[in-house]
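Colleague: I am attaching a structure below and will ask some questions about it afterwards.
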Amino acid sequence: MVYKCLMRTVDLFHGPIVYSNSCLILPIQKALRRFKDFRYIGYTSFYEPVSSSYFTAKEGFHDDFLSLESILKRYQTLPTVSFEEAPKRLWKTLNQYRESRNIVECIKPSEYRKIIQLLVRINRIDPIFMPEEVKEVLDKYSREISVKSKRKYTASLDALGRSRTIGRRKEAVSSVWMIKGDGQVLVNGKAFYEAFPRLFDRQSVIWPLKITQRLDQYNLCIFVKGGGSTGQAEASALAISRGLVIHEPELRYLLRKNSCLTCDARRVERKKPGQPKARKKNTWVKR
206 MVYKCLMRTV DLFHGPIVYS NSCLILPIQK ALRRFKDFRY IGYTSFYEPV SSSYFTAKEG
266 FHDDFLSLES ILKRYQTLPT VSFEEAPKRL WKTLNQYRES RNIVECIKPS EYRKIIQLLV
326 RINRIDPIFM PEEVKEVLDK YSREISVKSK RKYTASLDAL GRSRTIGRRK EAVSSVWMIK
386 GDGQVLVNGK AFYEAFPRLF DRQSVIWPLK ITQRLDQYNL CIFVKGGGST GQAEASALAI
446 SRGLVIHEPE LRYLLRKNSC LTCDARRVER KKPGQPKARK KNTWVKR
């Protein structure tokens, strides 16, 4: 919606009063400061705002949003590419956007996401047919990708051919050393059957080795602490799966398909006040 304001000055040098269409009387000093945002219509002494969003709460934001919508509407018939094939761009953060546009109004993250959605759609225009105007607009909202000097850590085998991986489940943390061998397993210096007396826990630990048919090809040294037996078993299974990927990267798809590489982030639900347990309720008695 376009808002227009017709302001009239009466004797700018002698009469320090400005009349507006809302019958609001302002001192001439305030009016003069406002005139930089208005343009002269061309008859008598009437002025209208330069921006159609002047009387909105967030003038700069709405101007940018309407401008992007106009560009998208103008070039929406151009060929597009998929999201994966579109040029990779890193958009400005909300604070960077406000600083670059000198916006003092408070802009919500949800509102700025609307601008990002328009930019992503405009960026999908085929680069071969993309006009220079569109490229300039996209560059205005993009930020440079800084290459960090810190090298990304990648797990690998050590000089002895061992891999060390970590897995977590609930409060349990498991560290597994894996090396080519004949299928021996030690858990905290104990035999496998002593550390995990329950059959279900032992099956959980060796499940990644079983589905990949590697039960007798690796020796495992497991150090696990915290949590209960179930959490320790599942944490060890996750660490073993990650170790298998280091030794044989081609097993990643099979392990991922069987959810062996997925970290289970579920936690115990807290007890509620006034209830015996997290979900259990007291027996209702009619009194």
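Residues 206 to 492 (this note's numbering) make up the sequence shown, in order.
All C-beta atoms in this analysis are idealised placements derived from N, C-alpha and C, irrespective of residue type, glycine included.
#1: Could you give the distance in angstroms between the alpha-carbon of VAL473 and the alpha-carbon of ARG484?
#2: Roughly how many whole angstroms lie between the Cα atoms of ASN393 and THR435?
#3: Take the Cβ of ARG492 as the centre, count every other Cβ of all protein chains shown within 10 Å, and call the residue buried at 16 or more, exposed below.
#4: If you follow the beta strand (DSSP E) that GLY372 is part of, which residue opens it and which one closes it?
#5: Determine the closest residue to TRP382 out of ARG373, TYR423, SER347, ILE276, with distance taken between C-alpha atoms.
#6: Using three-state DSSP, classify GLY479 as helix, strand or coil.
#7: Rounding to the nearest angstrom, what Cα-Cα distance links LEU295 and ARG475 in this structure?
#8: Answer yes if the region 370-381 comes into contact with the region 457-464, meaning at least three C-beta pairs across the two stretches below 8 angstroms, and no otherwise.
#9: How long is the line joining the alpha carbons of ARG407 and GLU453, rounded to whole angstroms?
#10: Enumerate, from N- to C-terminal direction, the unbroken alpha helix (DSSP H) stretches of 4 or more residues contained entirely within the region 276-336.
#11: With a threshold of 16 other CB atoms inside 10 Å of the CB of PHE401, please say whether the residue is buried or exposed.
#12: In chain order, what residues of the same chain have a beta carbon less than 8 angstroms from the beta carbon of VAL207, not counting five sequence neighbours either side?
#13: Mind pulling the alpha helix (DSSP H) runs of 4 or more residues that sit fully within the region 389-455?
#14: Between the Cα of ASP507 and those of GLY433, ILE384, SER380, spot the shortest distance and give me the residue it belongs to.
#15: Output yes or no for whether 7 angstroms exceeds the beta carbon distance between TYR302 and LEU324.
#16: Please go through the same chain and pick out, in chain order, the residues whose beta-carbon is closer than 7 angstroms to the beta-carbon of LEU420, but skip the five residues on each side of it.
#17: Would you mind reading off the limits of the alpha helix (DSSP H) that contains LYS485?
#18: Might you give, ordered along the chain, the residues of its own chain that have their beta carbon closer than 7 angstroms to the beta carbon of LYS263, omitting 5 neighbours on each side?
#19: Among residues of its own chain, excluding the 5 on either side of SER380, which ones have a beta-carbon nearer than 6 angstroms to its beta-carbon?
#20: Quick one: give me the first and last residue of the alpha helix (DSSP H) that LYS462 is part of.
#21: In whole angstroms, what is the alpha-carbon distance linking GLN437 and TYR458?
#22: Taking the straight line between their C-alpha atoms, what separation do you get for TYR280 and ASN307?
#23: May I ask which residues mark the beginning and end of the beta strand (DSSP E) holding SER379?
#24: Would you mind stating whether ILE320 and THR285 have Cβ atoms separated by less than 7 angstroms?
Modeller: The structure says:
#1: On the sequence shown, position 268 is the one that residue 473 refers to. On the sequence shown, position 279 is the one that residue 484 refers to. Answer to the nearest angstrom: the Cα atoms are 11 angstroms apart.
#2: Taking the sequence shown and counting its residues from 1, one reaches residue 393 at position 188. Taking the sequence shown and counting its residues from 1, one reaches residue 435 at position 230. Inter-residue distance for ASN393 and THR435 is about 16 angstroms (C-alpha atoms, whole angstroms).
#3: For the purposes of this step, residue 492 is identified with residue 287 of the sequence shown, where counting begins at 1. Exposed, since its Cβ has fewer than 16 Cβ neighbours within 10 Å.
#4: As a working mapping, residue 372 is identified with position 167 in the sequence shown. In the DSSP annotation of this structure, the continuous segment of the beta strand (DSSP E) that includes GLY372 starts and ends at 368-374.
#5: Looking up residue 382 in the sequence shown gives position 177. Nearest to TRP382 by alpha-carbon distance, out of ARG373, TYR423, SER347, ILE276, is TYR423.
#6: Position 274 of the sequence shown holds residue 479. Residue state for GLY479 is assigned as coil, using DSSP reduced to three classes.
#7: On the sequence shown, residue 295 is found 90 positions in, with the first residue counted as 1. On the sequence shown, residue 475 is found 270 positions in, with the first residue counted as 1. Spanning the two alpha carbons is a distance of roughly 40 angstroms.
#8: The region 457-464 is not in contact with the region 370-381.
#9: Mapped onto the sequence shown, residue 407 falls at position 202. Mapped onto the sequence shown, residue 453 falls at position 248. Straight-line spacing of the CA atoms in ARG407 and GLU453 works out to 23 angstroms.
#10: If you keep only unbroken alpha helix (DSSP H) runs of at least 4 residues inside the region 276-336, you get 299-306, 314-328.
#11: Working through the sequence shown from its first residue, we reach residue 401 at position 196. Classification of PHE401: buried, given that the 10 Å Cβ count is 16 or more.
#12: In the sequence shown, residue 207 corresponds to position 2, counting from 1. For VAL207, the pLDDT reaches just 37, beneath the cut-off of 50, and the residue's location in the model is therefore unreliable, although a value from the coordinates is still provided. So the list reads SER257, once near-sequence residues are dropped.
#13: For the alpha helix (DSSP H) assignment, the uninterrupted runs of no fewer than 4 residues enclosed by the region 389-455 are, from N- to C-terminal side, 397-400, 404-416, 434-452.
#14: Missing from the structure shown is residue 507; the chain here goes from 206 to 492 and no further.
#15: The count along the sequence shown starts at 1 and reaches residue 302 at position 97. The count along the sequence shown starts at 1 and reaches residue 324 at position 119. No.
#16: Within the sequence shown, residue 420 is the residue found at index 215, counting from 1. If you ignore the 5 residues before and after LEU420, its C-beta comes within less than 7 angstroms of the C-beta of GLY388, ILE411, LEU414, all in its own chain and listed in chain order.
#17: Indexing the sequence shown from 1 puts residue 485 at position 280. According to the DSSP assignment, LYS485 belongs to no alpha helix (DSSP H), since it is labelled neither H nor E.
#18: Walking along the sequence shown from the start, residue 263 turns up at place 58. Taken in chain order, the residues that qualify are GLU310, ILE312.
#19: Residue numbering aside, residue 380 sits at position 175 when the sequence shown is read from its first letter. Cβ within range, chain order: ILE371, PHE428.
#20: Within the sequence shown, the letter at position 257 stands for residue 462. Unbroken alpha helix (DSSP H) run through LYS462: 457-462.
#21: In the sequence shown, residue 437 corresponds to position 232, counting from 1. In the sequence shown, residue 458 corresponds to position 253, counting from 1. Approximately 24 angstroms, taken between the alpha carbons.
#22: The residue labelled residue 280 in the question sits at position 75 within the sequence shown. The residue labelled residue 307 in the question sits at position 102 within the sequence shown. TYR280 and ASN307 have their C-alpha atoms some 28 angstroms from each other.
#23: Along the sequence shown, read from residue 1 onward, the residue named residue 379 stands at position 174. For SER379, the uninterrupted beta strand (DSSP E) run begins and ends at 377-385, by DSSP.
#24: In the sequence shown, residue 320 corresponds to position 115, counting from 1. In the sequence shown, residue 285 corresponds to position 80, counting from 1. In this structure, THR285 does not lie closer than 7 angstroms to ILE320 by Cβ.
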